[in-house]
Amino acid sequence: MPFDWMKIPYALLTLFIVFNFGMLLNALIQKIGARVGRRYGVPIWQNYADLIKNYGLRSSITHGVMYYLGPVFRLTGGVGLLLFVPTIYGSEMFSNLSFAGDLILALYFVFFGTLGMALGAGESGHPNAAIGITRGLSQVTAAELPFALAVFSVALQYQTFSITDIVAVQQAGFTSWTLFTNPLAVAAAMLSFLGSMMRPPFDVVLAPQEIPIGPPTEYHSSYLALMQTNRAIFPIAKIVLYMSLFFGGAASWPVFFLKVFAIYMVSVLVGVAFPRFRVEQSIRWFLIWAVPLGVLSIVLV
Amino acid sequence: MKVELESRIVEGPEVVGVEPALDLQGKALPAVQPGAYSRTVTLMPRAELERRMVKGPDGVEFEVEPLRDYYCEAGPTVMPAAYLKIVEDLFNWARSRSIWILGFGTGCGAIEMRPLMTPRFDAYRFGIQWRPTPRQANLFVISGYLSVKTLKRAIRCYEQMQNPKYVVGLGSCTINGGMYWDSYNTIKRLDDYLPVDVYIAGCMPRPEALLQGFEDLKKLIRAGKAEGANQYAERFDWYKANQKQIIHDWDMPDYNW
Amino acid sequence: MVSALYILAAALGAAFLLGLLREERRGLAYGLTLAALGFMTWVSATWVWAFATTALPPVEIFTAGTPPPFAINLRMGMGEAALTLLVNLVGLASALYLKETLLQLGRRAMAVLLIAIMALAGLILTRDLFNLFVFMELMAISTAGLILLSADSRALGAGFKYLIVSQVVSVLLLIGIIFAYHVTGTLNIDGMAQAPALLATGIGAIAAFLILIALIAELKPFPANGWALDIYESAHPAYGAIFSAASGAAVIFAVDKVLPIGGAAWLPVATGVGIATFLFSNLLALPQTNDRRLLGYSSVGQIGLVLAVVGQRDVLGEAYGFIAFGLLVSNAVAKAGLFWLSGTIEQRGLTAWAVLRQRPLALFAFVTFLCVLVGLPPFPGFYAKWELARLLAGEGRMALLAAILLGTLIEAGYLFRWFGYAIKREPEAAAEGPRMQGAGLATGWNRALPIAAALVAAWGLGFLWGDLSGRGNLLLALPLLFALAFLVLDWLPAWVKNTLAIGGLTGFFLLTWQEYDPLRLIFAAIFLIGGSVILLASYETKGRRIGFYPSAMLMYAGLVMLIRATDAFGFFAAWELLTLGSYFLILRGKHSEPHALSYILFSLGGAFAILAGFALAGQGAVHLPLDGLAKVAEPLAPWVFVLLALGFMTKTASVGVHIWLPGAHAEAETDVSPMVSGILLKAGLYGFLVLLMSMGSQRLHGVELTHVLLWIGALSALVGNLMAVFQEDAKRLLAYSSIGQMGYALFGLALMNHLGWLMAIMFIINHYVYKSMLFLSVGGVAKRTGTRDMYRMGGLVKLMPLSFIAVLIGIIAISGVPPLSGFGGRWITYNALLDSEVRLPIVILFLAGPIAFLYLFRLIHTVFLGQLKDEHRRIKEAPFWIVLPQMIYVAVLLVVAVVPGLVLRHVDNYLDRFFPQGGLEWTGTVISSNYGYWNPISIMVIVGVIFATLFAWLLFVNRRAQPVKQFNIVFSGERPFRPETTHFAWNFFAPYRKALGFLTTPLATRFWEGITDLLHNAGDLVRRLYTGNGQTYAYHLLAFVVAVYLIRLGA
Amino acid sequence: MVDISLIAMATGFVLILIGLYGALTNGNLLRMIVAFTVADAGVNLVLVSVGYMRGRTAPILDSAVPAAEAVARIIDPVPQALVLTAIVIGLGVTALMLAYAYRLYEAKGTLDIAKFSELKW
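Structure, rendered in structure tokens:
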């Protein structure tokens, strides 16, 4: 079918909205965390200041081509994931570029950023970067399994992989959400969601003080800026996927903001309450708690 | 610069044609007399830094000079500000609003910096944050006395930070040696070795003083006068001479990228 | 036609004539011996020619002019003619071989030799029982005489033991004969055979028993053959050849003649004794270290096998002659050749045969004789074993067939282990080095000629049996001829042969690609075009590369004949050819000998399972077309499915039978690894396709067999990927990853739905492209850095950029990350899973998926990224010819990623034939199934555009970035110590091993090693039976006689 | 009176058993060879006794037994012929065994069969 060029500005519009929402959301959640600790916390526009500062830094170094491509892969992964999944249900404007692929494309495009980041960190030559990557990849193998099982169980339930169709089925009131029709799958998916959000129980990858922020140790100035942009976009892109599959998708932007905030808070609330897992502990945790849920969801769908 | 491995009397290099350092009020500071400290130092040979012949897997013999092959030998260059003034003001605004301190506590002041992040003082409000790696840090706080050994590590971290970068000296020890004025192994004037933007007096300044100091730093940044990095690049030889004068086992390239 | 009697007359006459000559006229005496033997050979040759060309009935020769039972009669039929020809030829060749010894010992030795050959000829021709006894005794005496030719002092002991045993045998035989005469009134074998009732009860039964058991005892049956092995070990090798080839054949023919007098009851006894001998002697051959004793065990085993075949003559019908002669003649030729070869070698250890490496022709003869013995195509044993299996399975005698195949597998085991020693091991205590230099077979022409004759005979008989089999002679198949042509061209320089090979492969593809349906077209493209692209990398090796091209072309010939095969025989022959070719290819690696042995054992085990499966499916039918598998009756079909699936699983290295793959692929040469892993594994998958296409899903005891395959595929995927994660050697990592990928493909096939097969096809194509690319790039890096251990490398991205690009594209494709073709495979997998109602195996498959990331990142990080070591600072990019195929593969991967329809569309339509619903719709650039849609071009464009813009933006912002070197990293204020201590590569996934390490405990390896140790220790234990004391051997014989008698009574 | 041929046959079998027993229990080579010759003699005796018919004479066609009524008066000639060959063959084998025994003694200086078991397993 002919490619209508209007999709590109619409996609950029979605990108702009989600990027700003991401920056503000991160700052807001940091502020909530601070307020819990009876601190004022960062001003709401702090992320913008950090971003501009990093872009504005005058000097930078480079370890080689692959080091250069690390952040590019990372941000392409974030932006791509966002654009491949329709953000607002029902509006032709905000269905972005989801004509290119269905749920499976989204499921596998998550790894695009991870793989590129791994190679970039590897090229930096820093041992801590490689240690961080190995921990991240090891954790992903166990963390992704319940999510893949949940996704498959949802696909089995609705007999389709197209995200728009899945969201369409859940539009009849909140009782028709997958949360209620297939609770086991949602439980497994949410446990796996904790694992992929780099929050305390499972943030051994960055491990801020242990291996100084793991993979991005060697990144700075504009490379770091690209990664900060990605940190704003990627979590939300991933939450859009969860929202569309399990929580009835969003028919309008306010509903979208609310739902994304609520889902994001799940990982934040768990994050502040639990200490950091070692890699083998997190793998065992996933295999003991999350995977059985996923298996049950597939068998009982 | 090649490290001679045999022991010798350490003489400081003669410094020719460099105008003396100015203190905050613009007065010329006394130049360091060559030969002020001279003593016999036996250098431990650094096995891993020695020039050595290596045979490749295909039998090709070639020479590996670690200091040349493992380290980039370029010197620092002066980085001009953004072309448009309006853009430079925006960047300066952002730099002042997001100061990332390098987690490198030296001396007794470091303990004063921890409370900054606690609810009582909450430096986050001012956009101040801790970063574990020098690559991502902008502000290097020298909190207290700086022994020669730590100076060597401080120089490495400072040089690994990106331009523009700022140095804040806490306490009198960084100004004139403080109570260690006659110690054999601490540096007396931080300014001889690293370009310092703000000194916060006090032995040791309390967190409120630190916050005030940071506010002064922000004013400097917004005014565009916090160009320590460029100053370091311009007068690089002078700084390097002073550093080598005090650090004897100099086994690293001149500028540590 | 000269009457057959002249064979005996000539020998006797020459023997007496020698007596007249003076002692010192030895040259003349030797000439006379050769002339007599030549004349005898000529007579039997004319008779064979006469029987072969004209339909002549068997000719009776009445000695006293009167028919039996009043006189001794000799018969010359086709069997007798062929066997006498064999005996005389072996006699002549051995006489030639013994030139020095005979000239040294004088005319008496020559006379004994002549008498020995005459006795054997007589044994074959005579139809009279007592006359048979006389010739047996003559053989015994001449044997004892000829044993003394040996330079080994221990031969005396062996000779005496033989005489003791022959005395006991002659006592039994004489009593048996006289009572048989007393009961039947005739001494003529045919006369007795016509009166079975007389010999069935009372005195007659005992007489028949004594005669037959004495003859069988002469055939060296299992417990009572200590004396034979001692003779083989200590006798002169030329005599060893006569003893195993000629006398073995003659006595087995005598047993075949006399067996009818015992009636039908004796057939199972003969089979039982034969198969026991075959199994036990092969088992006992396992722990042997002396080459001649090993050959002794092997020939005793082969004669036992022929005895078992004789015991099955009622079942085998008219194919009996073809099978029995096929096995007999291949044993004779191979044993004679091997004994003559052992004569040219100093030490008796198995590794001493490594001196053959200096004599390529002798080495070729050695390997030919081994293949003839094991019965590999294109030699007579192969056709014979096929017919035997077909008929035995037709009669439902599966236990016997299983025993025969097991014995052959054990025999193949110790023979190819021996060949591995010869190729790879250093001959220990080589004293002053072998005397025999020179490229020919041996210095003395008189030793070279017999070996050459045996070699020519082996190939000639292979051709003859091919014609006689009526199944299309393998040696006339164009691909095999092309491979054998390279044997002759082996003296050419390597690049000429390489060009010829590539031309041949692509030419054959261009000639025949229209004939294939889309499915086979993909396999043909991978085998031929893919093979020629990999062969490009072979331009890298200079010199002549003796032995590489014949083996490679043999493998490719096997692969091509596999997809062109229409009937079961063609399929099985191709399967064994490609196994043989790939074995020789793998064996070329420096430390690949033990792994090549485990490869050939698993492959041959699998091949024999396939042989049993086809035989069972055929139910005795002469021709079994491949699609005939569908018409197999219900009770048998599941068993046929299981056998064939087992056979194909050994080739796709599914979990459990996968332990040969890592060693074989890792230790192979740089350009052999991609061939063996990228192309050879597909043969297994093609087998599964044929099996599932024809037989569909089967149920065995209520268990759905394809469901079992599903689990095996999923487990292989998990175990393969998991083991790959913890490897330190780059090539082993890739090898284990192949196991994982093959698990995926097998899973796809076992889903039994349209998209499942399409996924398998996609995996087959993808796996070939990226696995060959990765093996070539790792091979190139290993060639440059001199090591395959990943932790020794690092930081090579700047020095070997092209290899890095190839590995980068490769790992993106394997991991299934969107823009590249790997994602296509994953997408089809998901749709296929939704189509099928499979549930639990999916969990294992989904766990196996992300694990691929781990070992892929480990490969690219430890080799290309990280810290550059000192000694690698000056290495150059991989050689041109190794990088070129990689770049071709990168291009292919990108094309397949953007336009998968190019390849998959035709296959998709073709699969509708098997699974009508569930296909894909190819509308414009979008590919949609009934669940989801996928638009490869737009994905590539979108990702490309986003990537390009961000990269441009970063380049613009960082235009003044300062390039730094490897130690400019933030090391918490310190400077890194050395590159080796800063490169994180050793024990890369330690935490992962703590979490999931227990899944990789080597259970399969322990299981198979347990079996081989069991066999070896059993062999070592049982062989203690032969204490070396002549008296104990006599006890063994009597115990054997009593045991057989009791068993016969019991039965 | 029991038929003479049965007695002969019985003694033949007894001789065979004695011979085999002697061969299997004596370690000395020469004793074994003698035992085997005893067994051979037993076999030959059995061979001859099989052909015996009561009241008939030896199959020698001379003046006493003319060819015409030979068929009624002579015993079965075939075993007679066989036994001749058997005796000759027995002689040949025994001679060869003695030659072997001599060479074995010359080689090892002992006649005990257990000493010649280097070739084993």
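Protein chains in written order, with my numbering: chain P, 1 to 301; chain Z, 10001 to 10257; chain U, 20001 to 21051; chain S, 30001 to 30121. All C-beta atoms, glycine included, are put in the ideal place defined by N, C-alpha and C.
Distance CB(L20587/U)-CB(L20616/U) smaller than 8 Å:
Taking the first residue of the third sequence as position 1, residue 20587/U is located at position 587. Taking the first residue of the third sequence as position 1, residue 20616/U is located at position 616. No, the pair does not count as a contact, with Cβ atoms beyond the cut-off.
Counting contacts by CB-CB distance shorter than 8 Å, is N20753/U in contact with chain P?
Numbered from 1 along the third sequence, position 753 holds the residue referred to as residue 20753/U. Output row for N20753/U: interface = no.
Under the DSSP definition of a beta bridge, which residues are partnered with L10102/Z?
Taking the second sequence and counting its residues from 1, one reaches residue 10102/Z at position 102. Paired residues: R10131/Z.
Chain-ordered residues of the segment 68-79 of chain P with a beta carbon less than 8 Å from chain U:
Result list: Y68, L69, P71, V72, F73, L75, T76 and V79.
Reduced DSSP category for W20934/U - H, G, I as helix; E, B as strand; rest coil:
Sequence index remark: in the third sequence, residue 20934/U carries index 934 (1-based). W20934/U falls in the strand class under three-state DSSP.
Using only the alpha-carbon positions, how far apart do L20692/U and H20623/U sit?
Residue numbering aside, residue 20692/U sits at position 692 when the third sequence is read from its first letter. Residue numbering aside, residue 20623/U sits at position 623 when the third sequence is read from its first letter. Their backbone Cα atoms lie some 20 Å apart in a straight line.
What are the uninterrupted segments assigned as beta strand (DSSP E) that are 3 or more residues long and contained completely in the segment 20880-20922 of chain U, given in chain order?
Fully contained in the segment 20880-20922 of chain U is no beta strand (DSSP E) run of length 3 or more.
Determine which residues share a DSSP beta bridge with A250/P and list them.
Indexing the first sequence from 1 puts residue 250/P at position 250. Answer is I88/P, bridged to A250/P.
Chain Z contact residues for D50/P, given Cβ-Cβ distances below 7 Å
The residue you call residue 50/P lines up with position 50 of the first sequence. Neighbours of D50/P on chain Z, chain order: S10098.
Can you list the residues of chain Z that T220/P reaches, using a CB-CB cut of under 7 Å?
Within the first sequence, residue 220/P is the residue found at index 220, counting from 1. With the sequence shown as reference, residue 220/P is identified as His, and Thr is not the correct amino acid for it. R10135, Q10136 and Q10162, listed in chain order.
Cα separation between S20716/U and G20547/U?
What you label residue 20716/U is simply residue 716 of the third sequence in a count that begins at 1. What you label residue 20547/U is simply residue 547 of the third sequence in a count that begins at 1. One C-alpha to the other measures close to 34 Å.
Where S20821/U falls: helix, strand or coil (DSSP):
Position 821 of the third sequence holds residue 20821/U. Correct three-state label for S20821/U: helix.
Would DSSP call A10036/Z helix, strand or coil?
Position 36 of the second sequence holds residue 10036/Z. The pLDDT assigned to A10036/Z is 49, lower than 50, so where the model puts this residue is not dependable, and the model offers no usable value.
In chain S, which residues lie less than 8 Å from R20873/U when you measure between Cβ atoms?
In the third sequence, residue 20873/U corresponds to position 873, counting from 1. Think of a sphere of 8 Å around the beta carbon of R20873/U: no beta carbon from chain S falls inside it, the nearest being about 58 Å out.
Return no unless some Cβ of chain S is closer than 8 Å to the Cβ of Q20104/U.
Here residue 20104/U refers to the residue found at position 104 of the third sequence. No, no contact with chain S.
Nearest by alpha-carbon distance to A251/P: which of S222/P, Q170/P, Y219/P and S297/P is it?
Taking the first sequence and counting its residues from 1, one reaches residue 251/P at position 251. Minimum Cα-Cα distance from A251/P among the listed residues S222/P, Q170/P, Y219/P and S297/P corresponds to Q170/P.
Residue-chain proximity (Q20966/U, chain Z), Cβ-Cβ < 8 Å
In the third sequence, residue 20966/U corresponds to position 966, counting from 1. It does: the Cβ of Q20966/U has a partner Cβ on chain Z nearer than 8 Å.
CB contact check: L20847/U to chain P, cutoff 8 Å
Against the third sequence, residue 20847/U aligns to sequence position 847. Closer than 8 Å to some Cβ of chain P, the Cβ of L20847/U qualifies, so yes.
Against chain Z, with Cβ distances strictly below 8 Å, would Q228/P count as a contact?
Counting from 1 along the first sequence, the entry for residue 228/P is found at position 228. No - not a single Cβ of chain Z is within 8 Å of the one on Q228/P.
Put I10200/Z into one of helix, strand or coil per three-state DSSP.
Taking the first residue of the second sequence as position 1, residue 10200/Z is located at position 200. I10200/Z: strand per DSSP, three-state reduction.
Can you round the beta-carbon distance between P200/P and F274/P to whole angstroms, since I take them to be within the 8 Å contact cut?
Translated into the one-based positions of the first sequence, residue 200/P becomes position 200. Translated into the one-based positions of the first sequence, residue 274/P becomes position 274. Confirmed, about 6 Å.
If we ignore side chains and look at the alpha-carbon of each, how far apart do L10102/Z and G20973/U end up?
For the purposes of this step, residue 10102/Z is taken as residue 102 along the second sequence, with counting starting at 1. For the purposes of this step, residue 20973/U is taken as residue 973 along the third sequence, with counting starting at 1. Approximately 11 Å between the Cα atoms of the pair.
Is P10119/Z near R39/P, with beta carbons less than 8 Å apart?
For the purposes of this step, residue 10119/Z is identified with residue 119 of the second sequence, where counting begins at 1. For the purposes of this step, residue 39/P is identified with residue 39 of the first sequence, where counting begins at 1. Taking 8 Å as the Cβ cut-off, P10119/Z and R39/P qualify as a contacting pair.
Beta-carbon gap between A20052/U and T20063/U smaller than 8 Å:
Residue mapping note: residue 20052/U aligns to position 52 of the third sequence, counting from 1. Residue mapping note: residue 20063/U aligns to position 63 of the third sequence, counting from 1. Taking 8 Å as the Cβ cut-off, A20052/U and T20063/U do not qualify as a contacting pair.
Does any CB atom of chain P fall closer than 8 Å to the CB of A10036/Z?
By 1-based counting over the second sequence, the position of residue 10036/Z is 36. Note that A10036/Z has pLDDT 49, beneath the 50 cutoff, so the model's placement of it is unreliable and no number is given.
Please classify M20078/U: does DSSP put it in a helix, a strand, or coil?
Taking the third sequence and counting its residues from 1, one reaches residue 20078/U at position 78. Reduced to three states, the DSSP call for M20078/U is helix.
For R30031/S, would you say it is in contact with chain U, using Cβ-to-Cβ distances shorter than 8 Å as the test?
Translated into the one-based positions of the fourth sequence, residue 30031/S becomes position 31. Chain U contact via Cβ: absent.
Nearest residue (CA-CA) to L20092/U, options A20246/U, M20078/U and A20208/U
If you number the third sequence from 1, residue 20092/U lands on position 92. Out of A20246/U, M20078/U and A20208/U, the CA that lies nearest to the CA of L20092/U is found in A20246/U.
Spatial neighbours of L20705/U in its chain, beta-carbon cut-off 8 Å, leaving aside the 5 residues before and after
Working through the third sequence from its first residue, we reach residue 20705/U at position 705. The beta carbon of L20705/U lies closer than 8 Å to those of P20638, F20641, V20642, A20645, S20697, Q20698 and R20699 in the same chain, with the five residues before and after it left out.
In chain order, what residues of the same chain lie with their CB nearer than 6 Å to the CB of G20000/U, ignoring the 5 residues before and after it?
As displayed, chain U neither begins before 20001 nor continues past 21051, which places residue 20000/U out of reach and without an answer.
Beta-carbon within less than 7 Å of V20838/U's beta-carbon, same chain only, minus the 5 sequence neighbours each way: which residues are those?
Along the third sequence, read from residue 1 onward, the residue named residue 20838/U stands at position 838. If you ignore the 5 residues before and after V20838/U, its C-beta comes within less than 7 Å of the C-beta of L20710 and L20751, all in its own chain and listed in chain order.
Let's test the definition: count the other Cβ atoms within 10 Å of the Cβ of Q21059/U and tell me whether it reaches 16, buried, or not, exposed.
As shown, chain U starts at 20001 and ends at 21051. That puts residue 21059/U outside it, with no answer to give.
Could you check if D10197/Z is buried or exposed, using at least 16 other CB atoms within 10 Å of its CB as the buried criterion?
As a position in the second sequence, residue 10197/Z is number 197, starting the count at 1. Counting Cβ neighbours within 10 Å, D10197/Z comes out buried, since at least 16 surround it.
One question on the structure: do Y20421/U and L20562/U come within less than 8 Å of each other, judged by their Cβ atoms?
Taking the third sequence and counting its residues from 1, the one referred to as residue 20421/U is at position 421. Taking the third sequence and counting its residues from 1, the one referred to as residue 20562/U is at position 562. The beta carbons of Y20421/U and L20562/U sit no closer together than 8 Å.
Could you tell me if the beta carbon of A20813/U falls within a distance shorter than 7 Å of some heavy atom in the ligand HEM?
The ligand HEM is not part of this structure, which contains no ligands at all.
Any chain Z beta carbon closer than 8 Å to T21059/U:
No statement about residue 21059/U is possible, as the shown extent of chain U runs from 20001 to 21051 and does not include it.
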